[in-house]
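Take any residue in the sequence shown, count from 1 to its spot, add 5: that is its number in the working numbering. Structure first, commentary second.
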Amino acid sequence: MYINCKTYFSYRYGTFPTEELVKTGAAIGAEALALTNINSTADAWDFYEFCIQNGIRPILGAEVRNGDTFCYLLLARNLDGFAAINRFLSEHLQAKEPFPRRPKLKAEHVWIVYGMEAVGKDALDSIGWGSLDAVGRGATGPRALQATDLHEHELIGVRPSEVNKLFGKNTATGKFVVRNAVTFQAPRVDDRSRDRNQKNESYRLHRLLRAIDKNTLLTKQRPEDMGAADEYFLTNEQIGSVFGRYPALLTRTQEVIDACDLYMDYSTDKTLQCFTQSRDEDRALLRAEALEGFRYRYGDRADALERLEKELGIIDQMGFNAFFLITWDVVRYAQRRGFYYVGRGSGANSIVAYCLRITDVDPIELDLYFERFLNPHRSSPPDFDIDFSWRDRDEVMAYVFKRHGGERVALLGMFSTFQRSATIRELGKVCGLPKAEIDALVDNVKSPMKEDRYQRGIQYYSERMLNFPNHGSVHPGGMLISEKPITTYTVVELPPKGLPTAQIDLFLAEKINLFKLDLLSQRGLGHIKDCIELVRAGKGVTIDIHDVAAFKVDPRVASGIRRAETVGCFYIESPGMRQLLQKLRCSDYLTLVAASSIIRPGVAQSGMMRQYIHRFHNPSGFTYLHPALEELLAETFGVMVYQEDVIKVAHFFAGLDLGEADVLRRAMSGKYRGNERFQRIRERFFEGCAQKGYDPSLVAEVWRQMESFAGFSFSKAHSASFAVESYQSLFLKTYYPMEFMVAVINNFGGFYRTEVYFHELKRTGAVVQPPCVNTGEYLTSICGAQVVCGFVHVQGLEEKMVRSLLAERSLRGAFLDVGDLVDRVAITPEQMNLLIRVGALRFTGKRKKELLWEATFLYKKKQRQPAGVALFREAPVRWQLPELAEHPLDDAYDEMELLGFPLGDVWALADAPLESFVAAADLDRRLGETVSMIGYLVTTKPARTAKGESMMFGTFFDKCGDWVDTVHFPASLAQYPFQGNGFYIFSGRVSEEFGVYSVEVASMRKAGLKGRNRI
C-alpha cells in the first residue's frame, strides 16, 4: 500500500534517511515499498539494497512535480520501466520544460498514478471522469475525459484523507488505488493525542526544510508550500480500517504492487565493455600498445617483461581491457593536443599503466605491488586519476563525450549536505531571529541561552538536519562511461556547467559496478606548461619535462629540496611541508614520496609523523612493536605511512585475506558510507590477531595506528605521482626561476596569495614593474630579467577595456601619450584614472598628478567637440602646472590600493626601526633565548591542543626576505591575536626540532605603516 514514499533525497522536503525509511517500513510489516522522490532517483540503488536486506519488495519510481504542483507518480514495473522513468525525467529536466499533464510511457513498463485533484469536482462513474485536461492532444482547455481515455496503466491514487471523496463513485472500475504518501516519520506516541501540525517533530522538521527552500519565514508559509500533516506510515490495519468500505481499492493496489518486479545484478560490470569492436580486439590492442611502451620505458629488461605479461593476463581475466584502453585513449588525445597531465592514484601500481604513459611512476623502482591495484578479490576496476591543467580539462572532457556518445557518458554527481554553521544560519533566518543572535548561536552552539524556544529549536533541529542532502552537485572530475545509456541506472541532469551529470554519486555508482574515470584539474600543471612555453619563447630552450629520471639525480634540484626552496612547487610549498622537508633533510625521490604521505593529517595528528622523522634519523634507536611488523614495515621504520601498509598489516599480521584487507583500507579512507561493513572487518581483524596469540595491548596499538589513517591516507603510488610532479616543478624552479614564478602568478593558484609569489619572484633577481599600456599584457609578462605586472591584477580594471587596448596597440603600434590613448581607445575617465594611478602611463615621463590633470582636460575637451573622427591629430596641449607635492611612498600606497600589495620593497613601509630586530638567519645562534623580531605576515594555520584549546602557527617574511615560523600557544594567542595582514613585532623563545627553528611567541603587536608625510 506504500506506493508513494520519499526520503531526504527529495531535497528540502523529505525527512527520512534512506535506510531508516526501509527499516521503518519493515517494522510496521510492509511487504513492499515504492521509492518516489520528487523528480529524482538519486538514492534508488541504496533503497533497493536496503529493501532486499530487510525482506521487502523494492519498487522504484518518482513523484513528478512542476514546482510545488503534484502531477503524478511513476512506478517502474521492471528495469526497462525504471530506465524509461529516468529517460523521461532527464529529458524534461535538461530542457527545463514543464512536465506534461499526461506522460506517454509504455503500459508494459510503467504505472502512472494521478492524484484525486486531477479528477475535478464532478462525480466519477463508468461514463464520465470529470474534467481532466486533455493536454497532449492539442486541446487548449478542459473537457470531459471519458473512462476509455484512461489507459490500462493509468490510475487514480486516493490518500487516506481523501476517502470521503469516493462517496457515490464507481470504485469497481479498477482505476483507484491507495496512496499513503510517506514524507516524514510518524508522530511519537505521546504526540498523537495533541495537535499533529504542531507537535509532530518530523513534520516540524519538514516545515523548516520547506521554509528554507522557499527562503521564507515559518509564519508566512502557505499550505501549498508543504506536504499534508498526515504524510507518514499508516499500518496495514490502519489503512484497512480507513478503506474498509472500498475493498476493491485494496485489491487493485496489491495487484499493482505485484506487477512490479525489478531485479538488479550488482555484480556485473556495467562500464563500457569494449573499446574496439570486440573483447578479442581489445586484448590485442592493449597488448600491442603496452609492448610498444615497454620498449620505451625498459628496453629489453626481462624481469619487467615478466611482470608486464602477468598484469596483462590478470587485466584480461578480470575483463578490464576496455577500461585501460579508455584511459590510454584519453591521455593519447592529451598528448596530441600538447596538454600536460599527471596520472596518479592506485593506477600507478601497474606496469601496464606505466608503459601506456598513463602515469610516469615506475612501479618496479618503488616496489609497488600490482595486487594493491587489481587482484582477483577485487571486482572494481583500476582507479585512474588523471590531472590536467585547469585550462585544458574541459576540452578533454568534451572529447570523452564526443568519443563515446552522449547517452553513455555523464559526469558523476554528488550531494551538498547541511552542515552545522550554515544550517543554524538558515534556521535562524526562517525563524526570524536577528543576525546578532544567529551569530552568537553559530559561534557557540552549546553556549547557554536565554529561555527562548526558537533558539532551543534551532539547536535541536540543526542537529537533526546534520548531513541531510541539501542539493545535487557535480563531482570534481568523475566521469561515467557505461555500456548501456546512463539513464538505465539514474536520471541525468544538465547543471550550469553544461555537461550531462548523473544524479547518483560515486558510492552508488560503485555499488552497482558502474565505475568512474577521474579527470581532474589543478593549477600546478598550468605552472609547468606555461613555464616551458616562457622558456622556449624567451630563451629558445626546449625542455623534456617527462625526463623525471634525470631530475631525480640532479644535484642542484636535490639541494633545492633540502633547503625547502619549494615555494610555487606542487604539493610541497606549504609551511608545514617546507618544515618537513627540512626536518628530513630530504634530497631524494623516495624520501619525498614518504613526505608526501606523512604530511597528511591522519599520520601527522596521530603523532606518527614525528615518530617517522625521529626514526629516519635514528634507524637503530627504536624497537619495533613486533618482529612481524619489522619485516612488513622496515622501509618506513615501523610507521604505517601508505595505504599499502594497512593492507600488509591486515593481511600478514592479522590474517585477513587480501579482499578483506582491501575493504578495510577502503573503509579507512572513507570509501564506504556506513560503518557496518567497517565494523565487521574490525571484528575480523581482532579475531585474527587473537587466533595468532598477540597481546591485546599490542593489537590495540596496531589498530590505533591503522585507524589514524581514516580519511587521509595516500597509496604509495599516489604519493609517488605527486612526487613526480613536484620534481618537474622543482627542476623548472631551479634552472628557470623567473619564468617559473611568472607561470605560477599567471595561473592564480597555489597555497599562498599572489603577493607572496611576487615576493619570491623578486628574490630570483627579477625587476618587477607596474602594468604598462605599451609593454604590459593582460597577464604578467617577462623579457630577460624585466617583469611587467599584468593588468589582470589591477582591481576595478575592466577586462573588456584592457583587451581593446591591447588589440589597438597590436594593430597600430605603441601609444604616444595620454591624448593618443584617449583618441584611440574607448576608456572612461574612471578607467583612465586607474591606469594612471597604477603607473601604466609612466612611459610618458610625466608624474601621476600631472597626467591626471591632463586626462581631465582632454576628457572635458572631448565632450565639447562634435561627433566624428578627426582626419589629423592635433599637437598635444602643453601648459605649465604648479609644483605638485609628491612623496616617495605614493606609488607604494597606490599599488597597495589597486593591486593589494606594493611591487617594490614592502619594508620601506614599516614604521619601525628594522635594525633593532633579530633576523631569521641568526636564530640558530640564539637557541633557547628570547628574541624580538619584526615580520610581514604570510599566512596562519589554526590548530587545537590536546585539551581542545585554540592555538595558531604563523609564517612571516623577516626584514631580509627570509621565512620565519612562529608558534602561538593558547594563552599567547588569546592575549595577542592576529589582526589581518601586515607587519608584526613579536618576541619569544627560539626553539628547534630536527634542525628547524621557530619562535614560541610570548607577546605580539601589529606595527604601523609609515604615513606619506613621514619621510
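Think of the CB as a built atom: it goes at the ideal place given N, C-alpha and C, for glycine as much as any other residue. Keep in mind that this is a model prediction, so the values were computed, not measured.
Exercise for the section: Could you tell me whether the Cβ atoms of Gly-343 and Thr-364 are closer together than 8 Å? Expected result: Cβ distance not < 8 Å, so Gly-343 and Thr-364 don't count as in contact.
Problem - Same chain only: Cβ atoms within 7 Å of Ser-166, ignoring 5 sequence neighbours per side - result: For Ser-166, where only same-chain residues beyond five positions count, the Cβ hits under 7 Å are Ala-233 and Asp-235.
Practice task
Please name the residue, chosen from Gly-612, Ile-486 and Tyr-1002, that lies closest to Gly-993 on a Cα-to-Cα basis.
Solution key: Of the residues Gly-612, Ile-486 and Tyr-1002, the one whose Cα lies closest to the Cα of Gly-993 is Tyr-1002.
Handout entry: N- and C-terminal bounds of the alpha helix (DSSP H) containing Gln-836
Key = 834-842 is the span of the alpha helix (DSSP H), which, as asked, contains Gln-836.
Practice task
For the segment 782-806, list the beta strand (DSSP E) runs that are entirely contained and at least 3 residues long, ordered along the chain.
Solution key: You should have 786-788 and 791-793.
Handout entry: Where the alpha helix (DSSP H) through Cys-536 begins and ends
Key = Counted as a single uninterrupted DSSP element, the alpha helix (DSSP H) harbouring Cys-536 occupies residues 528-544.
Handout entry: Trp-395 in three-state terms, based on DSSP
Key = In the structure shown, Trp-395 sits in coil (DSSP, three-state: anything other than H, G, I, E or B).
Handout entry: Minimum C-alpha distance to Gly-318 - residue among Ala-295, Val-335, Cys-76 and Arg-302
Key = Measuring from the Cα of Gly-318, the nearest candidate turns out to be Ala-295.
Practice task
Decide yes or no for the touch test of the segment 429-442 against the segment 406-416: beta carbon pairs closer than 8 Å, at least 3 of them.
Solution key: Counting Cβ pairs under 8 Å, fewer than three are found: no touch.
Exercise for the section: With DSSP as the reference, label Thr-935 as helix, strand or coil. Expected result: When DSSP states are grouped into helix, strand and coil, Thr-935 belongs to the strand group.
Problem - Per-residue DSSP class, three states only, for Arg-250 - result: Arg-250: coil per DSSP, three-state reduction.
Problem - Within 8 Å, strictly: CB atoms of Val-792 and Val-773 - result: Their beta carbons are under 8 Å apart, which means Val-792 touches Val-773 by this criterion.
Handout entry: Close beta carbons around Arg-469, own chain, < 7 Å, minus the five adjacent residues each side
Key = Closer than 7 Å at the Cβ level, and outside the excluded window around Arg-469, lie Leu-210.
Practice task
Could you pull out every residue in the same chain whose Cβ sits closer than 6 Å to the Cβ of Arg-1010, ignoring the five residues on either side in sequence?
Solution key: The residues Ile-990, in chain order, have a CB closer than 6 Å to that of Arg-1010 in the same chain once the five nearest residues on each side in sequence are set aside.
Practice task
Following the continuous beta strand (DSSP E) through Lys-1011, name the residue where it begins and the one where it ends.
Solution key: From DSSP, the beta strand (DSSP E) with Lys-1011 extends over 1001-1012.
Practice task
Return helix, strand or coil for Lys-1015, following the three-state DSSP convention.
Solution key: It is coil, neither helix nor strand.
Exercise for the section: Could you check the C-alpha separation between Gly-437 and Ser-426 for me, to the nearest Å? Expected result: Straight-line measurement puts the Cα of Ser-426 at about 17 Å from the Cα of Gly-437.
Exercise for the section: Say whether the segment 551-562 touches the segment 750-767, bearing in mind that this needs 3 or more beta-carbon pairs closer than 8 Å, one atom from each stretch. Expected result: Flag = no, the segment 551-562 and the segment 750-767 do not touch.
Handout entry: Buried versus exposed call for Glu-355 [16 or more other C-beta atoms within 10 Å across all chains shown]
Key = Checking the displayed sequence, the identity of residue 355 turns out to be Ser instead of Glu. Its Cβ being crowded by 16 or more others within 10 Å, Ser-355 is buried.
Practice task
Quickly, what does DSSP pair Ile-117 with across the bridge? List them, please.
Solution key: The partner list for Ile-117 (beta bridge, DSSP) reads Leu-79 and Glu-159.
Exercise for the section: Kindly list the residues whose CB is nearer than 6 Å to the CB of Tyr-338, restricted to its own chain and excluding five residues on each side of it in sequence; keep chain order. Expected result: Cβ neighbours of Tyr-338 beyond the five flanking positions: Tyr-404.
Practice task
Please report the residue range of the beta strand (DSSP E) in which His-631 lies.
Solution key: Premise fails: His-631 is in no beta strand (DSSP E) and is neither H nor E.
Handout entry: Within 8 Å, strictly: CB atoms of Val-1024 and Ser-724
Key = Shown here, the chain extends from 6 to 1020; a query on residue 1024 therefore has no answer.
Problem - Chain-order list of residues whose beta-carbon lies under 8 Å from that of Glu-122 (same chain, five-residue window excluded) - result: Result list for Glu-122: Phe-75, in chain order.
Problem - Nearest-angstrom Cα separation, counted from Asp-662 out to Met-419 - result: Cα to Cα, Met-419 sits roughly 32 Å from Asp-662.
Problem - Residues sharing a beta bridge with Phe-627, DSSP - result: None; Phe-627 has no bridge partner.
Practice task
To the nearest angstrom, report how far apart Leu-80 and Phe-87 are at their CA atoms.
Solution key: The alpha-carbon atoms of Leu-80 and Phe-87 are separated by roughly 8 Å.
Handout entry: 7 Å Cβ shell around Asn-83 - same chain, five flanking residues per side excluded
Key = So the list reads His-114, Asp-266 and Leu-267, once near-sequence residues are dropped.
Handout entry: Under 8 Å between C-beta atoms of Val-183 and Thr-258
Key = A Cβ-Cβ contact shorter than 8 Å links Val-183 with Thr-258.
Exercise for the section: Apply the 10 Å Cβ neighbour rule to Phe-280 and answer buried if 16 or more other Cβ atoms are within range, or exposed otherwise. Expected result: Per the 10 Å Cβ criterion, buried.
Problem - Collapsed DSSP secondary structure at Lys-557 in the structure displayed - result: Residue state, collapsed to three classes: helix.
Practice task
Determine the DSSP secondary structure at Asp-929, reduced to helix, strand or coil.
Solution key: In the structure shown, Asp-929 sits in a helix (DSSP, three-state: H, G or I).
Practice task
Kindly indicate which three-state DSSP category Gln-4 falls into: helix, strand or coil?
Solution key: No statement about residue 4 is possible, as the shown extent of the chain runs from 6 to 1020 and does not include it.
Problem - Short Cβ contact (8 Å threshold) for Ile-331 with Ile-486 - result: At a Cβ-Cβ threshold of 8 Å, Ile-331 and Ile-486 count as neighbours.
Problem - Distance CB(Ile-533)-CB(Leu-737) smaller than 8 Å - result: Yes, the pair counts as a contact, with Cβ atoms nearer than the cut-off.
Problem - Buried versus exposed call for Gly-72 [16 or more other C-beta atoms within 10 Å across all chains shown] - result: It is exposed - the Cβ of Gly-72 has fewer than 16 other Cβ atoms within 10 Å.
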